[in-house]
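Report on one structure; see the data block that follows.
There are 2 protein chains.
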Amino acid sequence: MTQKNRSLTLRDVSEASGVSEMTVSRVLRNRGDVSAATRDKVLTAAKELGYVPNKIAGALASQRVNLVAVIIPSLSNMVFPEVLGGISQVLEDTELQPVVGVTDYLPEKEEKVLYEMLSWRPSGVIIAGLEHTEASRAMLQASGIPVVEIMDTDGDPVDAMVGISHRRAGREMAAAILKAGYKKIAFLGTKMPLDHRARKRFEGFTEVLAKSGVEVVDREFYSGGSALAKGREMTEAVLERSPDVDFIYYSNDMIGAGGLLYLLEKGIDVPGQIGLAGFNGVELLQGLPRQLATMDACRREIGTKAAEIIAARVNDVEKDGQVTLAPTISFGDTLRDV
Amino acid sequence: MTQKNRSLTLRDVSEASGVSEMTVSRVLRNRGDVSAATRDKVLTAAKELGYVPNKIAGALASQRVNLVAVIIPSLSNMVFPEVLGGISQVLEDTELQPVVGVTDYLPEKEEKVLYEMLSWRPSGVIIAGLEHTEASRAMLQASGIPVVEIMDTDGDPVDAMVGISHRRAGREMAAAILKAGYKKIAFLGTKMPLDHRARKRFEGFTEVLAKSGVEVVDREFYSGGSALAKGREMTEAVLERSPDVDFIYYSNDMIGAGGLLYLLEKGIDVPGQIGLAGFNGVELLQGLPRQLATMDACRREIGTKAAEIIAARVNDVEKDGQVTLAPTISFGDTLRDV
DNA sequence: TATCGGAATGTTACCGCGATCAGTTGTGCC
DNA sequence: GGCACAACTGATCGCGGTAACATTCCGATA
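Quick mapping for you: the protein sequence lines, in order, are chains A and B.
So the first sequence is residues 17 to 354, counted in the working numbering.
So the second sequence is residues 17 to 354, counted in the working numbering.
What follows is the structure, encoded as structure tokens:
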């Protein structure tokens, strides 16, 4: 246990166990034929010394790095940890390992993070969204490794993609709202020009409304702060400005929940007087006094499918690289299902 | 842009720009003297080829890896992403980079993840908790790199530690509750024998109650599912079983919020008839109809302090390695402040 | 008994880059 | 004009492993 600052190498184990470095390497990787006797000797020595193999050297020599770069905009969004869960679950059965990079929704940071990750020569990349800087796309293209763009399928992927159509999600929600007879519809969302998926939902949403000659009567955007509190505040503001609103579409469940709590407190009839809907289908909603209407974004499944594609491609197995999942609307208690 | 499967090396850039590999290396790392002219030549060539340096080789050659292993139990807990935020913020100003590993609260998985991470020879380790398997402790010890154990300070660290005393947090909350005159106190928490911090809070909590001759009148534990919904359910169950309860202490804010929503719905007077308190001070609470009493766990600050210690030690700057932060109680609207 | 084959082990040659040291210029100064 | 020195550039070696090939040793087979 007493050791210099320099960390141990195969040579140390080799000397301690009296066999060649190569044999030690074989034992530690379970590769090739090694007699049970020497295997034991080596393992004992390695354990005794507290040897931890150096993957840096191993990766360089073998030209194989079992890492999968996962690049997402945020960890605090609830959505992405779930996607990650799906990814990890699948990769756990392989020799691959996810490594996460966070972009904070900034294209330049994405570019930086991507560069950084590619410099470790991962076996694959899973990256959120279809919108990237030109340089990022070029890097992905040139990397020569499998790339899966996730979350969104409204656009052209560099390689593979797994997600839902957010335009369609917006359209379907709009259709359901109109069908339920609501007419004075407001939209509350995040002030994030760079959140392309929220934008696409909004576009799909207004598109369908427009076809029925309906226009959003009010809208408001926030940034930062507690989403629940913001939902509450914005809802209050909208009601004040546009008292005749009969439906509010929130760009995510969290602000939707805030709005719901506010309206219930005010004694407003939901969904009679005002209907509500959010987006994502987060688990959190199950604990609310009333179920918020929402649309499932298939988060976990996106993760598993993406990881499966990477795992297959790494092993040179071809696999369908364009997966569009179908989000399902859930009416809950805040949107009349007619 | 047309390239074989083999990815580019310094040699490619060197040939394309007509200088030695060494010079290319210097340009790309901004080290040593290089004339402006050759610098430009090299940078142009590198960009044109789409060259991305190979950190694997670089790290091996330089014996330096600018990664900091961050090992935490979970990403879905809300708490850890915030700690991570603190870490990232500090490391962003250095050349270090965090790499996250998740243990799911399982000691064996922690051991595995730690081994995995150490095999990449990071410059430092930030790891949640003070409880590890013997093998894990040995690895940390033997690694010869700075180690900071975070979140908790009730115990002996391998090296440095940053956190709060959860025993004390439990004690303080108990004292505040008693002082407010509550007598029939229930405890609701997670069924996680491996969540040592929750356990310590509970121990501190009961310890102070015991000193006043008070015992927890009821308790319940959950696992899995939506925390908000579970808080609701468990609160209902407790009220049914022990209708005379006058205070409920929740092991986290999320279930506390569920309980709060339930009680308000039932028209129960909070904090008159029943007082409530949670733990963590999550941002979410700000959007609730009433502020839940809670105790701030100093999450972000834990992250920044830990990262600062690593950053300092990596540069051979000594720095105080035992930081105990003081969590502050916030009474909110659900605990009488007397 | 000579030969062969496979299991067990060792040897050699890199992997792509950076540390180190060794040139090769150009410049200012006496 | 010669020298010292800085500015710049290149050659060599090795980081700690692994792939590929070479070797040894043994029993089985003809």
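Note that the Cβ used here is the ideal one computed from N, Cα and C, for glycine as well.
For residue i, return the contacting residues in chain B, with the cut-off set at a CB-CB distance below 9 Å.
i: residue 70 of chain A; result: 76, 135, 136 and 137
i: residue 346 of chain A; result: In chain order: nothing, as chain B lies at least about 14 Å away.
i: residue 258 of chain A; result: Going along chain B, no residue has its Cβ under 9 Å from residue 258 of chain A, so there is no contact; the nearest lies around 22 Å.
Which residues in chain A have a C-beta closer than 8 Å to the C-beta of residue i? List them in chain order.
i: residue 329 of chain B; result: Near residue 329 of chain B there are no residues of chain A at all, since even the closest Cβ is about 13 Å away, more than 8 Å.
i: residue 247 of chain B; result: 303
i: residue 131 of chain B; result: 68
i: residue 30 of chain B; result: The contacting residues do not exist; residue 30 of chain B stays about 18 Å from chain A at best.
Pick out whichever of the options has its Cα sitting closest to the Cα of residue i.
i: residue 201 of chain B; options: B:262, B:85 and B:324; result: B:262
i: residue 55 of chain B; options: B:71, B:72, B:36 and B:70; result: B:36
i: residue 209 of chain A; options: A:123, A:134, A:340 and A:170; result: A:123
i: residue 111 of chain B; options: B:75, B:327 and B:310; result: B:327
i: residue 126 of chain A; options: A:155, A:237 and A:105; result: A:155
i: residue 212 of chain A; options: A:171, A:234 and A:223; result: A:171
i: residue 239 of chain A; options: A:252, A:254 and A:271; result: A:271
i: residue 28 of chain B; options: B:152, B:68 and B:50; result: B:68
i: residue 42 of chain A; options: A:205, A:74, A:117 and A:150; result: A:74
i: residue 264 of chain A; options: A:193, A:332 and A:301; result: A:193
i: residue 352 of chain B; options: B:295, B:285 and B:329; result: B:285
i: residue 203 of chain A; options: A:229, A:235 and A:190; result: A:235
i: residue 302 of chain A; options: B:336, B:248, B:302 and B:198; result: B:248
Below 7 Å on C-beta distance, what does residue i contact in chain A?
i: residue 322 of chain B; result: By Cβ distance, chain A contributes nothing, its closest Cβ being about 17 Å from residue 322 of chain B, past 7 Å.
i: residue 299 of chain B; result: 242
i: residue 41 of chain B; result: The contacting residues do not exist; residue 41 of chain B stays about 14 Å from chain A at best.
Check the Cβ of residue i against every Cβ in chain B and list those closer than 7 Å, keeping chain order.
i: residue 372 of chain A; result: There is simply no residue 372 of chain A to check, as chain A begins at 17 and stops at 354 in what is shown.
i: residue 239 of chain A; result: Those do not exist, as residue 239 of chain A stays about 14 Å from chain B at its closest Cβ, beyond 7 Å.
Under 8 Å between beta-carbons, which chain B residues line up against residue i? List them in chain order, please.
i: residue 100 of chain A; result: 91
i: residue 97 of chain A; result: 91, 92 and 97
i: residue 81 of chain A; result: 72
i: residue 36 of chain A; result: Here the premise fails: no neighbours, minimum Cβ distance about 21 Å.
Where does the unbroken beta strand (DSSP E) through residue i begin, and where does it stop?
i: residue 291 of chain B; result: 291 to 293
i: residue 166 of chain B; result: 163 to 168
i: residue 234 of chain B; result: 234 to 238
i: residue 338 of chain B; result: 338 to 340
i: residue 206 of chain A; result: 201 to 206
i: residue 87 of chain B; result: 83 to 88
i: residue 177 of chain A; result: 176 to 180
i: residue 264 of chain B; result: 263 to 266
i: residue 113 of chain B; result: 113 to 118
What is the residue span of the alpha helix (DSSP H) that residue i lies within?
i: residue 320 of chain A; result: 315 to 330
i: residue 79 of chain A; result: Note, residue 79 of chain A: premise wrong, no alpha helix (DSSP H); not H, not E.
i: residue 280 of chain A; result: 269 to 281
i: residue 143 of chain A; result: Run containing residue 143 of chain A: none in the alpha helix (DSSP H); it sits in the beta strand (DSSP E), 140 to 144.
i: residue 123 of chain B; result: 123 to 134
i: residue 218 of chain B; result: 212 to 227
i: residue 37 of chain A; result: 37 to 45
i: residue 250 of chain A; result: 243 to 257
i: residue 64 of chain A; result: 52 to 65
i: residue 101 of chain B; result: 95 to 107
i: residue 333 of chain B; result: Premise fails: residue 333 of chain B is in no alpha helix (DSSP H) and is neither H nor E.
Point to revise | Positions along the region 149 to 181 of chain A whose CB lies within less than 7 Å of some CB in chain B | key: Taking 7 Å as the Cβ-Cβ cut-off against chain B, the residues of the region 149 to 181 of chain A that qualify are 154, 155, 158 and 160.
Exercise for review: Give a yes or no on contact between the region 305 to 314 of chain B and the region 274 to 286 of chain B, applying the rule of three or more CB pairs nearer than 8 Å.
Suggested key: Result yes; three or more Cβ-Cβ pairs closer than 8 Å.
Check your understanding: With contact counted as at least three CB pairs below 8 Å, one residue from each stretch, are the region 138 to 154 of chain A and the region 80 to 89 of chain A in contact?
Key -> Yes: at least three Cβ pairs fall under 8 Å.
Review point. Counting Cβ pairs, one atom from each stretch, are 3 or more of them under 8 Å apart for the region 310 to 327 of chain B and the region 252 to 270 of chain A?
Key: Counting Cβ pairs under 8 Å, fewer than three are found: no touch.
Check your understanding: Relative to chain A, which residues along the region 193 to 205 of chain B have a C-beta separation below 8 Å, given in chain order?
Key -> Within the region 193 to 205 of chain B, no residue places its CB atom closer than 8 Å to a CB of chain A.
Review point. What residues in the region 264 to 288 of chain A have a beta carbon less than 7 Å from any beta carbon of chain B?
Key: If the cut-off is 7 Å between Cβ atoms, the region 264 to 288 of chain A has 274, 277 and 281 near chain B.
Exercise for review: Pair every Cβ in the region 184 to 194 of chain A with every Cβ in the region 210 to 222 of chain A, then say whether three or more of these pairs are closer than 8 Å.
Suggested key: Verdict: yes, contact present.
Review point. Would you call the region 338 to 345 of chain B and the region 114 to 131 of chain B touching, i.e. three or more CB-CB distances under 8 Å?
Key: A contact between stretches requires three or more CB pairs, one per stretch, nearer than 8 Å, and the region 338 to 345 of chain B fails this requirement with the region 114 to 131 of chain B.
Check your understanding: Are three or more beta carbon pairs between the region 100 to 119 of chain A and the region 34 to 51 of chain B nearer than 8 Å?
Key -> Too few Cβ pairs lie closer than 8 Å, so no.
Exercise for review: State whether the region 317 to 325 of chain B contacts the region 174 to 183 of chain B, with contact taken as three or more CB pairs (one from each stretch) at a distance under 8 Å.
Suggested key: Contact between the region 317 to 325 of chain B and the region 174 to 183 of chain B is present, because at least three Cβ pairs lie under 8 Å.
Practice item. Below 8 Å between beta carbons is the criterion; list the residues of the region 46 to 61 of chain B that meet it against any residue of chain A, in chain order. Key: Taking 8 Å as the Cβ-Cβ cut-off against chain A, none of the residues of the region 46 to 61 of chain B qualify.
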